[in-house]
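Residue numbers (this note's numbering): 223 to 591.
Here is the structure we will look at.
Shown next, in the form of structure tokens:
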């Protein structure tokens with residue numbers, strides 16, 4: 223502290239001390255602010271000094287009554303104005319800094335309070351035939367497939383599943399949830415920040431492990447290796463988890479030969495309602511689909527944990543054939559071309575699918591023929 227040339231008596235009166243020896247200010251001009259956190263701030267205006275005295279300089283009883291004791295001279299209006307301005311500026315700066323923090327945390331896309339963790343089992347009554355015995359051969363009705371996908375499927379022989387290389391072939395991520403499975407979901411958190419960096423899944427069918435990254439990392443380059451589960455990133459949109467997956471291996475759209483290319487991408491939505499989980503998948507494939515293919519399936523919590531979490535699969539030779547033989551049908555030679563259509567009294571053209579067969583207007587077109 224420096225002196226301004228005033229006498230000691232003038233100084234202690236200016237500072238509102240009760241006497242020059244004690245240097246204790248008049249209590250009626252002391253203001254306690256419990257919300258101020260700084261304890262050693264000094265504002266200077268020319269020769270005037272407005273000091274917020276540190277809490278440690280007050281008696282213990284006073285410190286317990288108020289975290290910080292502010293003292294001003296009753297005529298020191300400039301100091302009070304400057305103090306109020308600085309407090310307002312501090313509050314404003316703290317409010318401005320909140321969006322910046324939110325944007326930083328947003329890269330991790332924190333959970334809105336929804337936890338998908340648990341053991342889940344599919345409700346298999348939905349599309350039961352497709353999940354159980356499998357769809358009929360040459361049943362492509364209502365699927366937005368390209369001509370290339372149709373020809374690929376017509377060349378497919380179900381005996382191909384007996385080839386050892388195909389017996390234990392993993393279902394790709396866009397199809398695996400349609401089969402018999404148990405699903406376990408849990409969160410992986412950063413040990414320091416406790417932010418969720420990934421949502422993990424274990425799928426019992428083919429014992430597949432899947433990681434959905436939640437930390438904002440980018441997808442790898444297009445030339446990066448493809449896997450059956452692909453590369454997935456997720457974000458919360460309200461109470462719904464949205465997942466985007468790339469780098470998926472070639473697989474199938476349906477278990478009757480309809481293919482999916484390795485250029486397909488998958489968007490998923492996970493929505494939890496208590497003990498039920500709804501899974502919406504939207505598959506986009508520029509090779510074999512003319513429109514996105516949308517499917518839904520539901521899961522329920524496993525009250526008693528099942529024991530079938532493993533999937534031992536050992537390929538064996540079931541049919542004696544040459545090693546280089548792959549069952550197939552040449553163009554125009556599929557013997558099951560009209561089987562599904564005849565059974566349900568449908569035109570074969572409708573059974574061959576395409577985006578047009580997805581809509582009610584297609585029925586009118588068939589009736590007009």
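Using N, Cα and C, we set each Cβ at its ideal position, and we do this for glycine too.
All values reported here derive from a predicted model rather than from experimental measurement.
Query                                                                                                                           : Result
Integer Cβ distance of residue 405 from residue 342, believed to fall under 8 Å                                                 : 4 Å
Complete beta strand (DSSP E) runs within the segment 462-534 (minimum length 3 residues, chain order)                          : 462-468, 487-495, 498-506, 515-523
Residue from 351, 366, 403, 375 with nearest C-alpha to residue 552                                                             : 375
Cut-off 8 Å between Cβ atoms - residues of its own chain near residue 419, not counting five sequence neighbours on either side : 330, 410, 411, 412, 435, 436, 437
Own chain partners of residue 585 with C-beta closer than 6 Å, once the 5 adjacent residues on each side are dropped            : none
Element boundaries [alpha helix (DSSP H), containing residue 389]                                                               : 386-389
Cβ-based burial, residue 507 [other Cβ within 10 Å; buried from 16]                                                             : buried
Residues near residue 357 in its chain [Cβ-Cβ closer than 8 Å; skip 5 each side]                                                : 351, 476, 477, 478
Three-state class that DSSP yields for residue 400 in the structure shown                                                       : helix
Residue closest to residue 340, alpha-carbon to alpha-carbon, out of 587, 424, 543, 448                                         : 424
Any non-hydrogen atom of the ligand PLP within 8 Å of residue 429 CB                                                            : Summarising the ligand content, the structure contains no ligands, and the ligand PLP is consequently not present.
Inter-residue spacing [alpha-carbon to alpha-carbon] between residue 427 and residue 543                                        : 28 Å
Pairwise C-alpha distance: residue 499 and residue 373                                                                          : 36 Å
Top-ranked residue by Cα proximity to residue 572, from 381, 456, 349, 588                                                      : 588
Buried versus exposed, by CB contacts within 10 Å (16 or more), residue 365                                                     : buried
Residue 516 and residue 463 closer than 9 Å at C-beta                                                                           : no
Residue 589 in three-state terms, based on DSSP                                                                                 : helix
Check whether residue 467 and residue 490 have beta carbons under 9 Å apart                                                     : yes
CB of residue 495 within 9 Å of CB of residue 519, strictly                                                                     : no
Inter-residue spacing [alpha-carbon to alpha-carbon] between residue 328 and residue 334                                        : No answer about residue 328 holds up, because its pLDDT of 40 lies below 50 and its placement is not dependable.
Residues near residue 386 in its chain [Cβ-Cβ closer than 6 Å; skip 5 each side]                                                : 537
Cβ-based neighbour list, residue 560, same chain, cut-off 7 Å, excluding 5 preceding and 5 following                            : 570
Of the residues 558, 539, 563, the one placed nearest residue 390, counting alpha carbons only                                  : 539
Among 541, 558, 554, nearest to residue 381 - alpha-carbon criterion                                                            : 541
Residues sharing a beta bridge with residue 430, DSSP                                                                           : 425
Sequence-distant residues of its chain with Cβ nearer than 6 Å to residue 509 (five each side left out)                         : 483, 485
Proximity below 9 Å, CB of residue 439 to CB of residue 455                                                                     : yes
Sub-9 Å separation of residue 579 and residue 359 beta-carbons                                                                  : no
Within 9 Å, strictly: CB atoms of residue 472 and residue 451                                                                   : no
Straight-line Cα distance separating residue 388 from residue 526                                                               : 33 Å
From 396, 513, 488, 547, residue whose alpha carbon lies closest to that of residue 581                                         : 513
Neighbour-count burial assignment, residue 325, 16 or more Cβ in a 10 Å radius                                                  : Here the model assigns residue 325 a pLDDT of 35, short of 50, so the residue's position is not dependable and the matter cannot be decided.
CA nearest to the CA of residue 511, picked from 367, 345, 346                                                                  : 367
Separation of residue 535 from residue 524, as counted between CA atoms                                                         : 24 Å
Rounded C-alpha distance that separates residue 533 from residue 392                                                            : 11 Å
Residue 480 and residue 505 closer than 9 Å at C-beta                                                                           : no
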